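Accompanying notes for the structure given below.
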Amino acid sequence: MKKIILILLILIFPKLSFTYEEVDIKNYYNKIYKNTLKISGNNDYEAIETIENILEIKKENSSKNRKEIINKLQKENNEKFFNLILEKEELENKKILEKNLDFNNFKNKVLNKTGIIKENGVRYGYIFDNYRNFSGNGKITKRDLESNGINPNKELLSIRDGKPIFIKDFKKYRLISDQIIYGIPGKLEFLETLLNIKIFDRKEENLDSEFIKLKRISTNLGNISKNKEEIIKNIYNYILANLSYQTNIKSDDFEIFSGIKTFKNKVGVCQGYVELFNLMLGFNNIKSEILKGDVLTSEDFPKIGHAWVKIDNFYYDPTFDDPVGAKETKKFKEYDFYKLPKDLFYTNRFDKGEAPEFLKKQNLENRKIYVNQRLFSIYDKYKNNNYNLLKETKFKKYLGLGAKDEIKVKNLVNKFGFTEIKNGKVFDSGKEKYLKSLKYYELEDEKLLSVLRKIDFDMTGYKIFLLNENGNQKYVLSNKYKY
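Going by this note's numbering, the residue at position 110 of the sequence shown is 157; the numbering climbs one at a time, nothing skipped.
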């Protein structure tokens with residue numbers, strides 16, 4: 048019944064006749080929120096989730112003007128959620144201070160576990176390594192502070208494990224102007240990510256101009272897209288077309304792990320890629336989640352982890368779709384790790400801390416066999432979906448090979464046959480012909496998989512030739528030949 052009433056309530060929205068510029072978005076959102084809150088029994092989070100779901104549904108078939116209004120309402124809803132989390136935590140921590148501290152007039156104070164505050168429209172974050180606290184259950188007095196050399200004008204007051212803590216050595220870093228990220232989904236997680244980078248690089252800098260530039264590019268990509276799916280695709284394409292993966296990683300180069308620095312420098316590693324992807328999606332009101340784990344087919348498994356992105360119930364890995372050292376960026380149809388269902392995406396990886404111990408002891412070749420076995424086991428479920436990740440498995444099955452088998456030149460020759468070219472003469476269909484031109488891939492067992500990937504495991508239009516020149520023989524593959 049509640050859902051029906053809520054839908055009726057939000058149905059007021061399509062009947063509005065005013066233009067986008069005339070709408071007082073904040074007041075209109077607050078009206079929706081208050082009404083929804085009443086119906087949800089004063090459950091803040093349920094009200095926010097309900098509004099989010101309905102706005103997302105209504106946005107699908109709306110006009111451009113109405114979509115702009117809905118986007119603004121979504122931003123207000125996201126901001127409400129962000130503020131609600133911090134407000135509730137800070138309210139609880141204020142109660143803790145009142146209970147445990149007789150004097151809390153500290154110049155520097157942070158009452159949330161993230162260490163993030165807002166001052167004059169700017170988000171800052173506190174970083175510290177050590178802190179002091181008081182044992183026992185008694186209330187801490189001003190005299191206690193003085194006798195322990197704690198200066199309220201110089202030290203930072205915070206909460207840890209339900210108790211006040213006092214930090215003498217701390218640093219406050221500027222993160223970003225709050226207006227730039229106003230209303231993005233996952234705002235708290237994004238700010239935590241910015242602060243985590245500061246833990247390592249300890250740089251004082253203002254990157255607002257780069258964030259503004261990125262926001263403009265992101266929203267432009269959104270504006271030229273017809274729907275949510277196209278926005279995701281265009282952002283993914285942009286990242287792969289404009290970034291390069293950093294293979295020579297230095298221990299003190301923290302910029303490659305930052306999304307905004309990866310955008311600025313056009314180079315990064317997986318963490319930089321997914322942070323950038325996550326933020327560009329956020330600027331378009333698309334929620335995404337950064338996940339971390341281990342990839343079995345990586346040479347550095349399990350020492351070095353990896354990061355990827357979840358959107359709704361699908362998974363994306365822009366790093367694995369960016370060809371390292373390649374001259375050209377992949378085309379969209381060549382992506383292997385774009386919008387995959389979980390069971391297929393996770394055939395070669397595990398979430399952080401979940402990789403089985405026995406796999407950590409296996410060499411790379413054995414781990415690849417394990418992944419191939421998982422792909423074989425799931426193939427029938429997705430054989431009609433044309434996922435690139437399953438094309439090698441499909442080809443192996445067509446050749447009559449198993450998960451542990453490697454594709455050899457002899458497998459192709461036995462399956463597809465060959466035409467011999469001897470000293471420029473072709474014997475085809477019982478007739479002798481002269482070869483005029485031939486462009487080909489040389490077939491060798493060691494390089495065969497690379498060749499098959501180039502032709503997308505599709506032999507349509509290709510022929511195998513046996514070149515026999517003065518007794519020297521080799522198999523080649525071609526779809527560009529004349530005789």
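Even glycine gets a Cβ: it sits at the ideal position worked out from N, Cα and C.
Source: prediction; values computed, not measured.
Length at least 3, wholly inside the segment 102–171: the beta strand (DSSP E) runs in chain order:
163–166
When you compare the CB positions of A354 and Y320, do they come within less than 9 Å of one another, or not?
yes
Tell me V523's beta-bridge partners as DSSP assigns them.
E489 and F512
Taking L238 as the reference, which of T161, L203 and R190 has the closest Cα?
T161
Would you list the one or two residues that DSSP bridges to R207?
K210
Terminal residues of the alpha helix (DSSP H) in which E427 lies:
Here residue 427 turns out to be Asp, not Glu, going by the sequence shown. First-last of the alpha helix (DSSP H) with D427: L411 to Y429.
State buried or exposed for L411, treating a residue as buried only when at least 16 other CB atoms are found within 10 Å of its CB.
exposed
Is the Cβ-Cβ distance between K480 and K486 less than 9 Å?
no
Integer-rounded CB distance, given that I278 should sit under 8 Å from L268
7 Å
Count Cβ pairs between the segment 236–252 and the segment 131–140 that sit closer than 8 Å; are there 3 or more?
no
Taking just the CA atoms, how far does G196 sit from K545?
Outside the displayed range of the chain (48 to 530) lies residue 545, so it cannot be described from this structure.
Return the residue from the list Y385, D359, K350 and K380 that minimises the CA-CA distance to T366.
Y385
Tell me the rounded alpha-carbon separation between P199 and N155.
8 Å
Buried versus exposed call for Y445 [16 or more other C-beta atoms within 10 Å across all chains shown]:
exposed
Residues bridged to S533 (per DSSP):
As displayed, the chain neither begins before 48 nor continues past 530, which places residue 533 out of reach and without an answer.
Which of helix, strand or coil DSSP assigns to E93:
helix
Own chain partners of Y220 with C-beta closer than 6 Å, once the 5 adjacent residues on each side are dropped:
G172 and K245
Beta-ladder partner(s) of K472, from DSSP
K469 and Y481
Closest Cα partner of D390 within the set G352, Y429, P403 and V356
Y429
Taking 9 Å as the cut-off, decide whether the C-beta atoms of D91 and G168 are in contact.
no
So what does DSSP say about G269, is it helix, strand or coil?
helix
With C-beta atoms as the reference, is F512 less than 9 Å away from I454?
no
The segment 95–111 / the segment 67–87 touching (three or more Cβ pairs under 8 Å):
yes
Quick one: what does DSSP say V316 is sitting in, helix, strand or coil?
coil
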